[in-house]
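Residues 1 to 577 in UniProt numbering are what the sequence shown spells out, letter by letter. Here a beta-carbon is modelled for each residue, glycine too, at the ideal position from N, C-alpha and C. Predicted model only: the values in this text are computed from it and were never measured.
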Amino acid sequence: MRNVKGTRHSLRSSRQLSIIAQDPSVKVDDRIVRASIDVPAEELLPGPRGYRVVVVDYDATANALYQPASLSSGLEGEYTDPFQEAPDETLLSDPRFHAQNVYAIAMRILARFEFALGRRVQWGCEGHQLNILPHAFAEPNAFYSRDDRSLFFGYFESFPDKQDNTHTVFSCLSHDVIAHETTHAILDGLRSRYLEPSSPDQGAFHEGLADVVALLSIFALPDVVGAALDGMAGGALIDQALLERDTLANSVLFRLADEMGQEMSGVRGCALRHSIKLPPGKNYMDDPEYQEVHKRGELLVAAMLRSFLDIWISRLNRIGTIVDGQKDRSLVIEEGARAADHLMTMAIRAIDYCPPIDLSFSDYLSALLTVDREVVPDDRYGYRGALLANFKDFGIFPSKRAAADGTWLRCDDEMIYSRTHFDSMLRDNEEVFRFVWENRRTLKIGDIGYIEVQSVRPSVRIAPDGFVLRETIAEYVQVLTVTAGELRQDFNVDVPDGIRFWRPLRLLGGGTLIFDEYGQLKYQIANHLLKDRGDKKRQGDRLAYLWKQGLLDTKNDRAGNFSALHLARSGVQERAG
């Protein structure tokens, strides 16, 4: 079999495209900081329209359809970057560059998730392609909508400067905003029920993880990090005094977050700045102020970024000085990039080790620790120690169902494997359901409600030493509908007093099953339906939260949810009508 170029292996797997590395307000030597990034090479139609992303440049406010960007596919020549040498004015004003910018960053984030998880990742919406509208409307907002299968990016007028001049701010030119919204679409594909109202933690997780991915992905762009490190565009050496923990926090993280927030505060608010400025050592999890979803998401970001700082400093301590307390600047940036890259890989892989419903930050911390132990057993760079310490500083501890070191307990129970087929278990929902059904008592699922296997996904992960870890990840959900009276009387679950006796209530349980390469069950990570007092308390807490928030049994409008959430986060009131 031969491909269109005459051989089997002549087509490139990646290409380079220019993007704005942060947002247009961030400049070095009075020029917008840009980067040339690797994205998967593919056959593209004008838009660009590819196999995963379709850019549709329609402006609903102006009722205008802009000229689509055309990028060469490489089949008829070299892959070219039409904006490689373009001046700043072109980047700001040409809608075709705006289209290229959102396409390239979205594909970069998607490729990063697929690399970490070792498989193709589907969007949370129907179909294989996600629509992106870079000039969707004249409003300081950007959001993901599952129902519309789209990412929407707005534009708005900036605040007046000292000369009372304004300019148009495009959210589609902010790396942070694009990475954030793309992460929402990917996470929705990995865990569809995380968009359902459940608890403050689950509501905050979408926002928190999207912020973490947005900021850590910046550290793969050396020019941005270098400029934030010491305010210089280049240089061979850097003073060791600039590499202390508090100094790095004030220079790199504060500066990056502050720059992200300057023009984009109308879209993103000040969440990143708030996260980094949060002082550790307080039990934020029980603080009433941090029960609100926006504020609670900041805790996850703060814990992850403080962990990143500790890991970076640990790696820097292995680098000697060259002369008079000066270190090699390029090595400092490279170590930061490696630390951020590994931590982002952990953050993404941990999703596979989370329960499919009622996620808590404690569950996510245990997932982080476990997934890293699977591929790096010795924790040579202290990643797990840094995570434990920094999450504790913000009141987040490993799950109570975890082992003493915070990792998930391995499944050592006797299972029935003889009635299922190993090969089918790797990909077939029905075969995994047969396994769950035969082992439901051992898995402590019980006999009430109905069970649905939602997904079966293969995963191939590579450790730093080249060790390959093959796993199969399966999710199941258990659903029970009962009246409020039955829940009180028969199951001893606390139900809010205002709920009528005969009102039907839907309860959810579920778990993630991790199978090794031989089809043996390694982990069951579950929030059971009504197995014990802990489950009954969780169900009662969930009902109380939904009742208090007015979310009980309401249909979740996901487009409106993210739109309203991001408007509230930015401090802008949603438009009437």
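Report task. Please name the residue, chosen from Val-376, Leu-11, Glu-292, Ala-179, that lies closest to Ala-463 on a Cα-to-Cα basis. Result -> By one-based count along the sequence shown, residue 463 stands at place 463. Considering only alpha carbons, the answer is Val-376.
Query - Collapsed DSSP secondary structure at Leu-487 in the structure displayed - result: Position 487 of the sequence shown holds residue 487. Three-state DSSP puts Leu-487 in a helix.
Query raised in the report: Thinking C-beta only, is Val-432 closer than 8 angstroms to Ala-403?
Result: Position 403 of the sequence shown, counting from 1, holds the residue named residue 403. Position 432 of the sequence shown, counting from 1, holds the residue named residue 432. Their beta carbons are not under 8 angstroms apart, which means Ala-403 does not touch Val-432 by this criterion.
Query raised in the report: Quick one: Cα of Lys-400 to Cα of Ser-362, how far?
Result: As a working mapping, residue 400 is identified with position 400 in the sequence shown. As a working mapping, residue 362 is identified with position 362 in the sequence shown. For Lys-400 and Ser-362, the distance between alpha carbons rounds to 8 angstroms.
Query raised in the report: Using the C-alpha atoms, what's the distance from Pro-398 back to Lys-282?
Result: Counted from its first residue, the sequence shown places residue 282 at position 282. Counted from its first residue, the sequence shown places residue 398 at position 398. The alpha-carbon atoms of Lys-282 and Pro-398 are separated by roughly 17 angstroms.
Query raised in the report: Does the stretch 293-312 come close enough to the stretch 211-222 that 3 or more CB-CB pairs lie under 8 angstroms?
Result: The stretch 211-222 vs the stretch 293-312: in contact.
Query raised in the report: Is it buried or exposed for Thr-61, if we count other Cβ within 10 angstroms and need 16 for buried?
Result: The count along the sequence shown starts at 1 and reaches residue 61 at position 61. So Thr-61 ends up on the exposed side.
Query - DSSP bridge partner residues for Phe-154 (one or two, in chain order) - result: Within the sequence shown, numbered from 1, the residue matching residue 154 stands at position 154. It is Gly, not Phe, that sits at residue 154 in the sequence shown. DSSP, once it has assigned bridges, lists Phe-137 as partnering Gly-154.
Query raised in the report: At which residues does the beta strand (DSSP E) containing Asp-38 begin and terminate?
Result: If you number the sequence shown from 1, residue 38 lands on position 38. Element bounds for Asp-38: 34-40.
Query - Assumed close pair Pro-46, Ala-21 - CB separation to whole angstroms, cut-off 8 angstroms - result: The residue you call residue 46 lines up with position 46 of the sequence shown. The residue you call residue 21 lines up with position 21 of the sequence shown. Wrong, their Cβ atoms sit about 25 angstroms apart, outside the cutoff.
Requested in this report: Taking only the alpha-carbon atoms, compute the straight-line gap between Gln-100 and Pro-48 and give it to the nearest angstrom.
Outcome: Here residue 100 is taken as the residue at index 100 of the sequence shown, counted from 1. Here residue 48 is taken as the residue at index 48 of the sequence shown, counted from 1. Each residue's Cα considered, the two are about 7 angstroms apart.
Query raised in the report: Leaving out the 5 sequence neighbours to the left and right, which residues in its chain are closer than 8 angstroms to Arg-119 when beta-carbon positions are compared?
Result: Numbered from 1 along the sequence shown, position 119 holds the residue referred to as residue 119. Taken in chain order, the residues that qualify are Arg-457, Pro-458, Ser-459, Val-460.
Query raised in the report: DSSP on Ile-109, reduced to helix/strand/coil?
Result: Against the sequence shown, residue 109 aligns to sequence position 109. Residue state for Ile-109 is assigned as helix, using DSSP reduced to three classes.
Query raised in the report: From Glu-289 to Gly-208, what does the alpha carbon distance come to, in whole angstroms?
Result: Position 289 of the sequence shown, counting from 1, holds the residue named residue 289. Position 208 of the sequence shown, counting from 1, holds the residue named residue 208. If I take the Cα positions, the gap works out to 16 angstroms.
Requested in this report: Take Trp-547 and list the residues in its own chain whose beta-carbon comes closer than 8 angstroms to its own, dropping the five residues that flank it on each side.
Outcome: Sequence index remark: in the sequence shown, residue 547 carries index 547 (1-based). Around Trp-547: Pro-496, Gly-498, Ile-499.
Query raised in the report: Between which two residues does the alpha helix (DSSP H) harbouring Lys-536 extend?
Result: The residue given as residue 536 occupies position 536 in the sequence shown. In this chain, the alpha helix (DSSP H) harbouring Lys-536 covers 533-549.
Query raised in the report: Which class does Ser-18 belong to by DSSP, given the choice of helix, strand or coil?
Result: Looking up residue 18 in the sequence shown gives position 18. In the three-state reduction of the DSSP assignment, Ser-18 falls in the strand class.
Query raised in the report: Who pairs with Thr-481 in a beta bridge, going by DSSP?
Result: Counting from one through the sequence shown, the residue named residue 481 turns up at place 481. Thr-481 pairs with Arg-506.
Query raised in the report: Which residues bound the alpha helix (DSSP H) around Phe-433?
Result: Residue 433 sits at position 433 when you count from the first residue of the sequence shown. Boundaries of the alpha helix (DSSP H) harbouring Phe-433: 429-438, taken from the DSSP string.
Query raised in the report: Which class does residue 644 belong to by DSSP, given the choice of helix, strand or coil?
Result: Absent from the model: residue 644. The displayed extent of the chain is 1 to 577, so no value can be given.
Query raised in the report: Where does Gly-47 fall in DSSP's three states?
Result: Reading the sequence shown from its first residue, position 47 is the one you call residue 47. Of the three classes helix, strand and coil, the one that applies to Gly-47 here is strand, per DSSP.
Query raised in the report: Measuring CA to CA, which of Val-493, Gly-485, Ala-111, Cys-411 is closest to Pro-40?
Result: Along the sequence shown, one-based indexing puts residue 40 at 40. Comparing Cα positions, the closest option is Ala-111.
Requested in this report: Examine the Cβ distances between the stretch 169-186 and the stretch 515-527 and report whether three or more of them are shorter than 8 angstroms.
Outcome: Touching, no, given that fewer than three Cβ pairs across the two stretches are closer than 8 angstroms.
Query raised in the report: So who's on the other strand from Ala-402, going by DSSP bridges?
Result: The residue labelled residue 402 in the question sits at position 402 within the sequence shown. Ala-402 has Trp-408 as its beta-bridge partners, per DSSP.
Query raised in the report: For Gln-67 versus Pro-87, is the C-beta distance shorter than 8 angstroms?
Result: Along the sequence shown, one-based indexing puts residue 67 at 67. Along the sequence shown, one-based indexing puts residue 87 at 87. Contact flag unset, no.
Query raised in the report: Measuring CA to CA, which of Leu-543, Leu-331, Ile-351, Val-33 is closest to Phe-113?
Result: Taking the sequence shown and counting its residues from 1, one reaches residue 113 at position 113. Residue Ile-351 is the option with its Cα nearest to Phe-113.
Query raised in the report: Looking only at C-alpha atoms, which of Ser-424, Thr-442, Lys-392 sits nearest to Ala-302?
Result: The count along the sequence shown starts at 1 and reaches residue 302 at position 302. Of the candidates Ser-424, Thr-442, Lys-392, Lys-392 places its Cα closest to the Cα of Ala-302.
Query - Spatial distance of Asn-63 from Asp-379 (CA atoms) - result: By 1-based counting over the sequence shown, the position of residue 63 is 63. By 1-based counting over the sequence shown, the position of residue 379 is 379. Rounded to the nearest angstrom, the two C-alpha atoms are 55 angstroms apart.
Query raised in the report: DSSP state of residue 579, grouped into three classes?
Result: A query on residue 579 cannot be resolved here, the shown segment of the chain reaching from 1 to 577 and no further.
Query raised in the report: Hey, would you say Cys-172 sits closer than 8 angstroms to Phe-156, going by beta carbons?
Result: Taking the sequence shown and counting its residues from 1, one reaches residue 172 at position 172. Taking the sequence shown and counting its residues from 1, one reaches residue 156 at position 156. Not a contact, by the Cβ cut-off of 8 angstroms.
Query - With 16 other Cβ atoms within 10 Å as the buried cut-off, status of Ser-14 - result: Residue 14 sits at position 14 when you count from the first residue of the sequence shown. It counts as exposed.
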